[in-house]
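J.: In our numbering, the protein residues as written are 11 to 512.
Where is the CB? At the ideal position from N, CA and C, for every residue including glycine.
Note that the structure is predicted; figures quoted are calculated from it, not measured.
Encoded as structure tokens, here's the structure I'll be asking about.
Take a look at the structure:
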């Protein structure tokens, strides 16, 4: 806004006096946040009640206290409102339009039913895109029971649509900590049905089955895991000699790592921040903690919109990449006072500490793009001297005694799935990878996979990519016999060695 010459000083002075009141113009019904602390140290720690995450117009009754039945007479589910099923079905149909590879896989393999006899228990984000995956698994012969890996990312209408078709779903947006574990338990512990495959995102389901139902865990044919956090937990189990089933690390397959982590986050970081804060990125000081694939995607987008971006890194190789891409590599403590936005992308814990939160400037936005909510020390902010004020869904202002406010998004949980949506096309790539990993582990002859963690075979990565090329009318060049011999390759792939870095 242009200022007339004679009024410049007066206007600026007015802005300064209003500075501390600026954020308090949005009254909130939630009021002060609960100071209760969670007893769990898992990646799903929650420090709030479910009611805080429900719009006041919603029915406040917990889904656990409702008697619901679908049109087929089944009560084996627990969702927010089964009557939303028709709306959810439309959401799923929209998602199918941009997930042609998964639909193609469904059509190709529907006749042979490669998952006949598979009893898959799943713990992922329950969105329209996941629903397309679940219904593909069912079409390929599997029986599925499903729960959510994140208490905020469930699309209630989609959960209702799945429950209506007969898939037992136990999830709703805004679960409490207790609800979260109850839902997982209801998926696993059911009479006359025992899981023989696990599809996990974050490792909580795997951890629960391992701890609570060891007899079930030992009989599982395979685990498919898609997050950094969950894979880390699998490797810990393997290292301790406690992983008694083969597991597939889908997170580090090329089609997950490059596409979901890099390209997806490049778009969804902006979406999540814009929807929650209406921020303009031009000229903003942003620090991104971690320059892995997620960090690279976030930085590319923020830089393109004019953000002044710097990086924190522990790995000298990633740090050097950041330098070559034109980013300054800093220590968080060196720059924390100047930052307008702080984004974590590491998969680690206590990346942003209470001491650093105390030093942030007024209005700083803090959010996490890693899977678990351990990266920002949110627990330390649940203290009597700080006031939590809910201003929007998934947006809290944390107020210090001197009036300073920090804007916390999704209570430090995954920003893109908690606060916005993720591009359907990229989820098609990940979901196809998950489906093929399940088919591979379920049908593998005895002895092919030991009790260890494996990467998806390269041939499958290439197959997933090839299924998505028709969307772009892309035409692959074929090797001649002479060229294939010269390169020492099979004409049909795989085209790169396992150690190749894409």
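#1: Is residue 505 helix, strand or coil by DSSP?
#2: Do residue 83 and residue 171 come within 8 Å of each other at the CB atom, strictly closer than that value?
#3: Report the CB separation of residue 463 from residue 244 in whole angstroms; it is logged as a contact under 8 Å.
#4: In whole angstroms, what separates the C-alpha of residue 59 from that of residue 185?
#5: Would you check whether the ligand ADP has a heavy atom nearer than 7 Å to the C-beta of residue 415?
#6: Rank 402, 270, 415 and 387 by C-alpha distance to the C-alpha of residue 363 and give the top, closest one.
#7: Can you tell me the Cα-Cα spacing of residue 312 and residue 319, whole angstroms?
#8: For the segment 110 to 168, which segments carrying the alpha helix (DSSP H) assignment without a break, of at least 4 residues, lie completely within its bounds, in sequence order?
#9: For residue 350 versus residue 294, is the C-beta distance shorter than 8 Å?
#10: Along the beta strand (DSSP E) that carries residue 378, what are the first and last residues, could you check?
#11: Measuring straight from C-alpha to C-alpha, what distance separates residue 473 and residue 372?
#12: Please confirm whether residue 159 and residue 177 have their CB atoms less than 8 Å apart.
#13: Does DSSP put residue 204 in a helix, a strand or coil?
#14: Return helix, strand or coil for residue 290, following the three-state DSSP convention.
#15: Taking the Cβ atom as the reference point for each residue, do residue 271 and residue 240 lie within a distance shorter than 8 Å?
#16: Can you pull the DSSP bridge partners for residue 210?
#17: My output table needs one value for residue 370: the three-state DSSP class, helix, strand or coil.
#18: Count the other CB atoms within 10 Å of the CB of residue 290; is the residue buried (16 or more) or exposed (fewer)?
#19: Do you know offhand how far residue 495's Cα is from residue 468's?
#20: From the DSSP output, in three-state form, read off residue 360 for me.
#21: Take the Cβ of residue 381 as the centre, count every other Cβ of all protein chains shown within 10 Å, and call the residue buried at 16 or more, exposed below.
#22: Using the three-state DSSP reduction, which class does residue 479 fall into: helix, strand or coil?
#23: Tell me, please, whether the segment 193 to 212 touches the segment 125 to 133 by the rule of three or more beta-carbon pairs shorter than 8 Å.
#24: Does the structure place the segment 256 to 275 close enough to the segment 437 to 448 that three or more beta carbon pairs sit under 8 Å?
#25: CB residue 361 to CB residue 299, shorter than 8 Å?
#26: Using beta-carbon positions only, say whether residue 263 and residue 137 come within less than 8 Å of one another.
#27: Measuring alpha carbon to alpha carbon, tell me which residue in 483, 484, 445 and 482 is nearest residue 113.
#28: Counting beta carbon pairs with one atom in the segment 192 to 202 and one in the segment 418 to 438, are three or more of them shorter than 8 Å?
#29: In this structure, does DSSP put residue 191 in helix, strand or coil?
#30: Under the three-state reduction of DSSP, which class applies to residue 494: helix, strand or coil?
#31: Which same chain residues end up closer than 7 Å to residue 115 when comparing Cβ atoms and leaving out the 5 residues on each side of it in sequence?
#32: Residue 302 and residue 328 - do their beta-carbons sit closer together than 8 Å?
#33: With DSSP collapsed to three states, give me the class of residue 107.
#34: Please check the pair residue 106 and residue 142, which I expect to be a contact at CB under 8 Å, by giving their CB distance rounded to whole angstroms.
#35: Among the candidates 326, 332, 323 and 322, whose CA atom is the shortest distance from the CA of residue 310?
#36: Can you list, in chain order, the residues of its chain with a C-beta nearer than 6 Å to that of residue 247? Leave out the 5 residues immediately preceding and following it.
T.: Taking the structure as given:
#1: coil
#2: no
#3: 5 Å
#4: Here residue 59 scores only 29 on pLDDT, less than 50, and its place in the model is too uncertain to base an answer on.
#5: No copy of the ligand ADP appears in this structure; indeed no ligand is present at all.
#6: 387
#7: 7 Å
#8: 110 to 119 and 138 to 149
#9: yes
#10: 375 to 378
#11: 49 Å
#12: no
#13: coil
#14: coil
#15: no
#16: 133 and 235
#17: coil
#18: exposed
#19: 20 Å
#20: coil
#21: buried
#22: helix
#23: yes
#24: yes
#25: yes
#26: no
#27: 445
#28: no
#29: helix
#30: helix
#31: 146, 442, 445 and 477
#32: yes
#33: helix
#34: 6 Å
#35: 332
#36: 253
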